[in-house]
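A short worksheet on the structure shown next.
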Amino acid sequence: MSLVSTMERALRSPLGHLEQVRGLWAADADDRLVHALLFDGPDGVGKYLSALHLAAGLFCSEGPGEPCGRCGPCHRFSSGGAESNHPDLLIVDPADWEWEQIKLEAIAPREDGEVPTRRSVEGFLDLSSVEGGHRVVILREAHLMNPAAQNALLKTLEEPRPGTVLVLVTSRPEELLDTIMSRVMRVHFGRLDLTAAAHLIHELGPEGLDERMAADLARWSDGSPGRALMLLAQGRPAERELLAALVGGKAGPIECSRRVWELDGDFPGKTERAKARSRARAMLDLLLEVLLDLERFGAGRPGEELAHGDLVGDLCGRGRLPFERLPRVHQLLRQCRMDVLGNLTPEAVLDRAFLGFATLLP
Ligand SMILES: [Zn+2]
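Residue 122 in the numbering used here is what sits at position 122 of the sequence shown, and the numbering runs on without skipping anything.
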């Protein structure tokens, strides 16, 4: 992955969403920036990066506006690796707490007198600004707040402190209390168009990522650079190359199935077995995605509109595609997916899936 840290990235403009962020800086310059914002939109489109960019531009000594990248506040913002060293910024990210939900203690100080491991939102906002400007809280995956945490946050929203800005970031605003929704200004972040997404993936991706691959990833991720970077981190393009070898007649189904286990990739799971299941599921998902594209192509959608249009094109270029077999293969792949979840040996399930998929080859 890129060596550029998230914070350094956030100092630069989040392409595609700059207008929304500029509007908020302009509001701040006129002293009419609201104290609670909700950034919503699909996963991976740049909501969090935009929230960081907003904060950097509020802190910058030349701001509010595009962060200069040279002043003291900009330097403090971007130093510190994955986290920011700026003393007036608090980021609440459930991933840092290794929590599946955001608990009360992330929002309000503990009442049992125990010292919390991290600062709560309330505890942070109670302190005055270190640098004399705004204090900013970014609450990532805000929909993961449990009911107690949401109620505590409601109190914070009802008693705003001057100079504070709270940004809730979420892809699922419907899971937040109506009373929270009525107290925040909603800013929507849509999918990027494929050209902008490809540009961003090329810029943020690892060195050596060529433009063609960036464009493929933009289509594959449906215009979501965050998802594209995750696909890269998991080594998914290599899986796709395996499939291309199968489709192009350069490797047989069992050979491809075996090679899946040799690919580099970081798959979620606490045990080796769980990781193997995640890997098998990812491969099965890819087979299903390609199959769905074949069905769409058969129904008249042009190949260039499809995430895997190139594979579909290669497959169709080798002879007539047996469209009548698609439903059966589809059913087989779905069954394989259930079998992996049901704890059957993932290696054997993948063999079966690849053999089934290969019945579509000429
Ligand atoms: Zn600056």
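Cβ atoms here follow ideal geometry from the backbone N, Cα and C, with glycine treated the same way.
Rounded Cβ spacing between residue i and residue j (contact assumed at less than 8 Å)
{"i": "Pro-160", "j": "Leu-200", "result": "34 Å between Cβ atoms; not a contact."}
{"i": "Ala-142", "j": "Leu-104", "result": "Going by Cβ atoms, the distance from Ala-142 to Leu-104 rounds to 14 Å, so no, they are not a contact pair."}
{"i": "Leu-360", "j": "Leu-321", "result": "7 Å"}
{"i": "Leu-311", "j": "Ala-244", "result": "6 Å"}
{"i": "Arg-22", "j": "Leu-49", "result": "At roughly 15 Å, the Cβ-Cβ gap does not stay under 8 Å, so Arg-22 and Leu-49 are not in contact."}
{"i": "Lys-47", "j": "Phe-59", "result": "Their Cβ separation, rounded to whole angstroms, is 19 Å, which puts Lys-47 and Phe-59 out of contact at 8 Å."}
{"i": "Gly-163", "j": "Ser-120", "result": "Actually they are not in contact, since the Cβ atoms of Gly-163 and Ser-120 sit about 19 Å apart, beyond 8 Å."}
{"i": "Val-260", "j": "Leu-315", "result": "Actually they do not touch by this definition, with Cβ atoms about 19 Å apart."}
{"i": "Ala-55", "j": "Val-136", "result": "4 Å"}
heavy atom of ligand 3 below 7 Å from residue i C-beta
{"i": "Arg-12", "result": "Among the ligands present in this structure, namely ligand 1, ligand 3 is not found."}
Cβ of residue i within 8 Å of any chain B Cβ
{"i": "Arg-259", "result": "In the structure shown, chain B does not exist; there is a single protein chain."}
Spatial neighbours of residue i in its chain, beta-carbon cut-off 6 Å, leaving aside the 5 residues before and after
{"i": "Ile-91", "result": "Ile-138"}
{"i": "Glu-239", "result": "Met-283, Leu-286"}
{"i": "Arg-78", "result": "The question names Arg, but residue 78 in the sequence shown is Ser. Excluding residues within five positions, the ones whose Cβ falls inside 6 Å are Met-7, Glu-8, Leu-11."}
{"i": "Ser-84", "result": "Met-7, Phe-77"}
{"i": "Leu-144", "result": "Pro-94, Gln-101, Ile-102"}
{"i": "Leu-263", "result": "Gly-235, Ala-238"}
{"i": "Thr-179", "result": "Leu-154"}
{"i": "Asp-339", "result": "Val-349"}
{"i": "Leu-370", "result": "Residue 370 is absent from the model: the chain starts at 1 and stops at 362."}
Ligand 1 heavy atom lying under 7 Å from the CB of residue i
{"i": "Pro-73", "result": "yes"}
{"i": "Ser-61", "result": "yes"}
{"i": "Arg-70", "result": "yes"}
{"i": "Pro-64", "result": "no"}
{"i": "Pro-67", "result": "yes"}
Neighbourhood of residue i by C-beta distance below 7 Å, restricted to the same chain and skipping five residues each side
{"i": "Ser-2", "result": "Model confidence at Ser-2 stands at a pLDDT of 39, short of 50, so the residue's coordinates are unreliable and nothing is read from them."}
{"i": "Gly-303", "result": "Phe-297, Gly-309, Val-312, Gly-313"}
{"i": "Ala-148", "result": "Leu-104"}
{"i": "Leu-306", "result": "Asp-293, Arg-296, Phe-297, Val-312"}
{"i": "Arg-172", "result": "His-143"}
Beta carbon of residue i nearer than 8 Å to that of residue j
{"i": "Phe-357", "j": "Pro-253", "result": "yes"}
{"i": "Asp-96", "j": "His-134", "result": "no"}
{"i": "Leu-326", "j": "Leu-294", "result": "yes"}
{"i": "Cys-74", "j": "Leu-177", "result": "no"}
{"i": "Pro-67", "j": "Gly-80", "result": "no"}
{"i": "Gly-63", "j": "Trp-25", "result": "yes"}
{"i": "Leu-166", "j": "Ala-282", "result": "no"}
{"i": "Leu-242", "j": "Leu-231", "result": "no"}
{"i": "Ile-107", "j": "Pro-94", "result": "no"}
{"i": "Glu-122", "j": "Thr-156", "result": "yes"}
{"i": "Asp-193", "j": "Gly-235", "result": "no"}
{"i": "Ala-280", "j": "Leu-350", "result": "yes"}
{"i": "Gly-41", "j": "Arg-227", "result": "no"}
{"i": "Pro-346", "j": "Gly-319", "result": "no"}
{"i": "Val-187", "j": "Gln-335", "result": "no"}
{"i": "Leu-344", "j": "Leu-288", "result": "no"}
{"i": "Ala-214", "j": "Ala-233", "result": "no"}
Cut-off 8 Å between Cβ atoms - residues of its own chain near residue i, not counting five sequence neighbours on either side
{"i": "Lys-275", "result": "Phe-267, Pro-268, Gly-269"}
{"i": "Ala-27", "result": "Leu-33, Val-34"}
{"i": "Val-329", "result": "Leu-291, Gly-356, Phe-357, Thr-359, Leu-360"}
{"i": "Cys-71", "result": "Cys-60, Ser-61, Glu-62"}
{"i": "Met-181", "result": "Leu-38, Pro-173"}
Length at least 3, wholly inside the stretch 142 to 186: the beta strand (DSSP E) runs in chain order: 164 to 170
Beta strand (DSSP E) runs wholly inside the stretch 283 to 322, at least 3 long, in chain order: none
Uninterrupted alpha helix (DSSP H) stretches inside the stretch 46 to 85 (no shorter than 4 residues): 47 to 59, 72 to 78
Any alpha helix (DSSP H) of 4 or more consecutive residues that is wholly inside the stretch 87 to 142: 94 to 97, 104 to 107, 121 to 126
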